[in-house]
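See the structure below:
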């Protein structure tokens, strides 16, 4: 059985990500509910986002500042408290995660994120869209 703790321990710590996105550093499981850990799909495989189901928010490092953004919309439900397309907002940032998940017998209390994109929109700046992949872990 794959240990979620082992997989999280292997994440990259503080290397900058592509464009304005950076790594968010080591993250813990939430106190309750589920979290989706999303890594960049480039050679660096950096943890660039952590979305939690309760409270519904996403943690991102944009321009060197790590911030949590609240969920604005989500549909359709895909399980574990997440939606296939979820939009998060805060300040001038809109982050959209489009993801598919798969439950596997060798992962307890979670699933894999089989395909996903993370899109960052900010008025007056370039839109960033990057492929991500990851895991969902639940308490």
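Residue numbers (the working numbering): -2 to 136.
Virtual Cβ for every residue (Gly too), placed ideally from N, Cα, C.
- Message: Cutting at 8 angstroms between CB atoms, please list the residues of its own chain near residue 45, excluding the five before and the five after it.
- Response: Beyond the five residues adjoining it in sequence on each side, residue 45 comes within less than 8 angstroms, by CB distance, of 14, 18, 19, 20, 21, 35, 36, 37, 57, 58, 115, 127 and 129 in the same chain, given in chain order.
- If we count Cβ pairs, one from each stretch, closer than 8 angstroms, do we get three or more for the stretch 86 to 101 versus the stretch 66 to 73? Because the criterion of three Cβ pairs below 8 angstroms is met, the stretch 86 to 101 and the stretch 66 to 73 touch.
- Coil, strand or helix - residue 39 by DSSP: Note: residue 39 maps to coil in three-state DSSP.
- Query: Do you know whose CA, among 98, 86 and 118, lies nearest residue 80's CA?
  - Reply: Ranking the options by Cα distance to residue 80, first place goes to 98.
- Message: Which of the three DSSP states is assigned to residue 106 in this structure?
- Response: DSSP, reduced to helix, strand and coil, places residue 106 outside both helices and strands of the structure shown, so it counts as coil.
- In or out: residue 110 buried (at least 16 other Cβ within 10 Å) or exposed? Buried, because 16 or more other Cβ atoms sit within 10 Å of the Cβ of residue 110.
- Query: Helix or strand or just coil, what does DSSP make of residue 14?
  - Reply: Since pLDDT at residue 14 reaches only 43, below the 50 mark, its modelled position is unreliable, and the value read off the structure follows with that caveat. In this structure, residue 14 counts as coil in the three-state DSSP scheme.
- Message: At 3 residues or longer, what runs of the beta strand (DSSP E) sit wholly inside the stretch 79 to 124?
- Response: Runs found: 79 to 87, 90 to 99 and 107 to 118.
- Message: Suppose contacts are defined by Cβ-Cβ distances below 7 angstroms. Is residue 104 in contact with residue 33 by that definition?
- Response: No, these two residues do not count as a Cβ contact at 7 angstroms.
- Message: Quick check on the DSSP output: the beta strand (DSSP E) that includes residue 54 runs from which residue to which?
- Response: Where residue 54 is concerned, the enclosing beta strand (DSSP E) stretches over 53 to 59.
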